Amino acid sequence: MLKFCMRIFSLFALSASVVFFIFNSAFAGKPTKVGFVYLTTPGDHGWTYAHELGKQMVEKRFGNDVKVSVVENVPEGPDATRVIRELAKQGNEIIFTTSFGYMEPTLKVAKEFPNVKFEHITGYKRSKNVATGNIRFYEGRYIQGVVAGLMTKTNKIGYIGAYPIAEVIMGINSFAQGLRSVNKDASISVIWANTWYDPVKEADAAKVHIAEGADILAQHTDSPAMLQIAEKKGALGFGQSTDMSAFAPKAQLFASINNWGPYYIRKIEELKSGKWNTGDGPNHWAGNDWGGLKAEMLLISKFQNMPDSVAKKAQEALDGLKSGKINIFAGPLVDNTGKEIIPAGKSLDDGALWGMNYYLKGVNGKVPG
Amino acid sequence: MDALILTIIATSIPLLLAATGELITEKSGVLNLGVEGMMLSGAVGALGAVLWLGSPYFGIIAGGLCGVLMASIFSIFTINFMTNQVATGLGLTIFATGLTGLAGAPLVGKTVPSLPKIEIFLLSDIPFFGEILFKQDFIAYLSVAIIIFITYFLKYSKSGIVLRAVGDDHQSAHSVGYPVKKIRWYATCFGGMCAGIGGAYIPLVLTPHWSEGMTAGRGWIALALVVFASWIPWRIIVGALIFGGITIAQLVGQARGWPIPSQILSMMPYLATIVALTVISGRISKSNSVVPASLGKPFFDTQ
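First to last, the sequence lines map onto chains A and B. The first sequence begins at 1 in the working numbering and counts up one residue at a time. The second sequence begins at 370 in the working numbering and counts up one residue at a time.
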């Protein structure tokens, strides 16, 4: 009898394991196919490199459960449409298009492939199967402003912007708010490079800022050229998108690091569990996901090349932003011509941030165009 | 002020070198549109050499050699196989952009020591001028030496006159017994060397790191400069300084808040090139051409 029971039990165990095996291979064995479209290559050591790190986090987290395809160096425009369509055809279930200029191509292809999910990074147009994601880059700028205000001796801050668009302008204004929270005498002058990426021009702009008396530099362009010039000329500055201290060990005060990994992982998990959505939530302006320091989509690297007292203030600003104690764009706000933007007691909402076409107090000159 | 002038000079040097090389290439009748590609390969070669061998001076040699290598590829196709020069030149740039991206991948994120400044004894002590003219790096002095050399070479040396003859009428040059193909090979390789060193200047002096496509269109500006200078060497210095000067001026204008839109200033160098082109075509109609007559035409030596 005991023998019989044993036999039955082992048969049961065997069949259960077979069933489990079949079940397992049917689900886990078929990896989710994920596509990425990059504007440049990870070799830019900036924007695309940050996305590459995010992709690597996805691969590490899911292992064999995902199959990732990447297309690098995709120009914004008709070429992008072709590449995105090709990725959709190859059976990718979710496709991340990682530059603002892919907005229209992504929407176009999304219409042709209603069953594929698309994630457009930094865009504002969505559809049934196109979601958007972005980072509150400006939060890092506020801390930069605090540090700059405490570290500057000449009270002149040099800022290098790519294009005068809302995204960049809100960064400058956020920097100005941080700056003026600790130092009312300092001011920011802005040079527009009119390019996201041209190391020589970025370096030239940095040299001009220093020649004009700036001792702290900040940038909203992609290469480490500015920090290298700062290093050479004895000025200080902030890293962009990734930690650039390898290029400027004596000049980098800290870097704002774009951390896309957790976002990618969450969206893929949502897809796997059937919960993926484009959620037209309250953060409508920047997309359904506009995460910053609190969501850990924006990270701050080690505070360095500054006295402990400054690092402490910077940490306070960081904590304040995370906890929501600091509201960067709280009224009363006046622009640099003295015009009131918002009275005391109110603060700018996300929509107002994306409509910024003015400089706040603390910034010199006016927005071109 | 002198800091700004130094910046202008530094920003002009890659343009100056690349344009000078291209001038010699074009004087021999070869139009090489691959300057951008040759500059990129010079940049990646230079940085690789410095990381490997340690001294920035090896970077200059490596940059020049990489430029020559690219120019040789171009020469094989256009001079020996007589392919279309415009298409091959564009192809070279596209090829080099990809190749340097691949070759440069392990160099990403690394930084190298810059080329040291060389102070010329006594002269560097002259106030103002000493600072801007006699405290430069080796490539800056080299580029001036090259300009002086090719001015003399094209005007007074026999080889220079032969080079111009080949560029103006390759059939006649061939029929009096000059080796047209060989001369064009040399001229194209010289152009490659200069472009390579010009490209090397970017990671060696301006921004000591490698990132893909870091020349960002300077090769194309160099091509425009040759036309702007109407194939006369000393005018390249003027042209390069104007290009550099306007680039810096628009940055300074922004930092100081001048009321001129930066886009208008950015446009100026190109406007100047168009004006130069117009003036040149005006001169051509007076049958006093400065453009090498055989420019861009393939040479068939069987005729």
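Glycine included, each C-beta is placed from N, C-alpha and C at the ideal position. A quick note: this is a predicted structure, and the numbers were derived from the prediction, not measured.
Item checked: CB contact check: valine 477 of chain B to chain A, cutoff 8 Å -> yes
Next item on the list: Report buried or exposed for leucine 471 of chain B, applying the criterion of at least 16 other Cβ atoms within 10 angstroms of its Cβ.
Entry: So leucine 471 of chain B counts as exposed.
Next item on the list: Please report the residue range of the beta strand (DSSP E) in which serine 397 of chain B lies.
Entry: That residue, serine 397 of chain B, is in no beta strand (DSSP E); it is neither H nor E in DSSP.
Checklist line | Buried or exposed (CB count within 10 angstroms, at least 16 for buried), tryptophan 260 of chain A | finding: buried
Notebook entry, point to check: Any idea what DSSP makes of glycine 291 of chain A, helix, strand or coil?
Noted result: strand
Item checked: Members of the segment 383-414 of chain B that neighbour chain A once the beta carbon cut-off is set at 7 Å -> Contact residues of the segment 383-414 of chain B toward chain A are absent (C-beta to C-beta distance below 7 Å).
Notebook entry, point to check: Between the segment 593-622 of chain B and chain A, which residues of the former have CB atoms less than 8 Å from a CB of the latter, in chain order?
Noted result: Thr616, Ile617, Leu620 and Val621
Notebook entry, point to check: Rounded to the nearest angstrom, how far is the Cβ of arginine 136 of chain A from that of glycine 291 of chain A, given a contact under 8 Å?
Noted result: 7 Å
Item checked: asparagine 258 of chain A (DSSP reduced to helix, strand or coil) -> strand
Notebook entry, point to check: Can you give the Cα-Cα distance for aspartate 44 of chain A and valine 477 of chain B, rounded to whole angstroms?
Noted result: 8 Å
Next item on the list: Pull up the distance between the alpha-carbon of glutamate 112 of chain A and that of leucine 271 of chain A, whole angstroms please.
Entry: Each residue's alpha carbon lies about 19 Å from the other.
Checklist line | Per DSSP, cross-strand counterpart(s) of glycine 158 of chain A | finding: Residue pairing for glycine 158 of chain A: DSSP places it in a beta bridge opposite A/Ser189 and A/Leu217.
Item checked: Pick from A/Arg126, A/Ser69, A/Arg85 and A/Arg180 that is closest to leucine 333 of chain A, judged by C-alpha positions -> A/Arg180
Notebook entry, point to check: Per DSSP, isoleucine 135 of chain A is paired with what?
Noted result: A/Gly291
Next item on the list: Starting from the beta carbon of glutamine 252 of chain A, find every residue of chain B whose beta carbon is closer than 8 Å, and list them in chain order.
Entry: Correct list: empty, because the minimum Cβ distance to chain B is about 12 Å.
Next item on the list: Output the distance between the C-alpha atoms of glycine 369 of chain A and glycine 622 of chain B, rounded to the nearest integer angstrom.
Entry: If you take the alpha carbons of glycine 369 of chain A and glycine 622 of chain B, they lie about 15 Å apart.
Note to self: Let me make sure I understand the geometry here. Which of A/Ala330, A/Glu340 and A/Val363 has the alpha-carbon closest to that of serine 347 of chain A?
What the structure shows: The shortest Cα separation from serine 347 of chain A among A/Ala330, A/Glu340 and A/Val363 belongs to A/Ala330.
Margin query: Helix, strand or coil, according to DSSP, for glycine 390 of chain B in the structure here?
Written below: helix
Next item on the list: Please state if the CB of serine 580 of chain B and the CB of valine 659 of chain B are separated by a distance shorter than 8 Å.
Entry: no
Checklist line | The beta strand (DSSP E) enclosing aspartate 319 of chain A, as first and last residue numbers | finding: No beta strand (DSSP E) contains aspartate 319 of chain A, which is instead part of the alpha helix (DSSP H) from 308-323.
Margin query: Please state whether the Cβ-Cβ distance between glycine 406 of chain B and phenylalanine 464 of chain B is less than 8 Å.
Written below: yes
Note to self: Let me make sure I understand the geometry here. Which of A/Gly91, A/Pro78, A/Ser99 and A/Ile94 has the alpha-carbon closest to that of lysine 108 of chain A?
What the structure shows: The residue with the shortest Cα to Cα distance from lysine 108 of chain A is A/Pro78.
Notebook entry, point to check: Does proline 577 of chain B get closer than 8 Å to chain A when you measure Cβ to Cβ?
Noted result: yes
Checklist line | leucine 409 of chain B and threonine 469 of chain B closer than 8 Å at C-beta | finding: yes
Item checked: Residues in the segment 478-490 of chain B having any Cβ partner in chain A nearer than 9 Å -> Gly478, Lys479, Thr480 and Ser483
Notebook entry, point to check: What number of angstroms, rounded off, separates the C-alpha of tyrosine 426 of chain B from the C-alpha of valine 513 of chain B?
Noted result: Computed Cα separation, rounded: 17 Å.
Check: Taking only beta-carbon atoms, is alanine 205 of chain A less than 8 Å away from chain B?
Finding: yes
Note to self: Quick check: is the beta carbon of glycine 338 of chain A nearer than 8 Å to any beta carbon in chain B?
What the structure shows: No, glycine 338 of chain A lies away from the interface with chain B (no Cβ there is under 8 Å from its Cβ).
Next item on the list: Name, please, each residue of chain B whose Cβ falls closer than 7 Å to the Cβ of alanine 225 of chain A.
Entry: Thr576
Note to self: Could you give the first and the last residue of the continuous alpha helix (DSSP H) run that contains lysine 207 of chain A?
What the structure shows: 199-211
Check: Using CA coordinates, which residue listed in A/Ala251, A/His209 and A/Ile84 is at the minimum distance from asparagine 155 of chain A?
Finding: A/His209
Margin query: If I follow the unbroken alpha helix (DSSP H) through histidine 45 of chain A, where does it start and stop?
Written below: No alpha helix (DSSP H) holds histidine 45 of chain A; DSSP gives it neither H nor E.
Next item on the list: Pull out every residue of the segment 185-219 of chain A whose Cβ sits closer than 9 Å to any Cβ of chain B, in chain order.
Entry: Ser189, Val190, Ile191, Trp192, Ala193, Asn194, Thr195, Tyr197, Asp198, Pro199, Val200, Lys201, Glu202, Ala203, Asp204, Ala205, Lys207, Val208, His209, Ile210, Ala211, Glu212 and Ala214
Next item on the list: Using a Cβ cut-off of 8 Å, pull out every chain A residue sitting near isoleucine 571 of chain B, in sequence order please.
Entry: Pro199 and Val200, listed in chain order.
Next item on the list: Indicate whether the contact test is met: 3 or more Cβ pairs, each with one atom in the segment 175-194 of chain A and one in the segment 343-357 of chain A, closer than 8 Å.
Entry: no
Check: Is it true that the CB of aspartate 204 of chain A sits closer than 8 Å to the CB of isoleucine 617 of chain B?
Finding: yes
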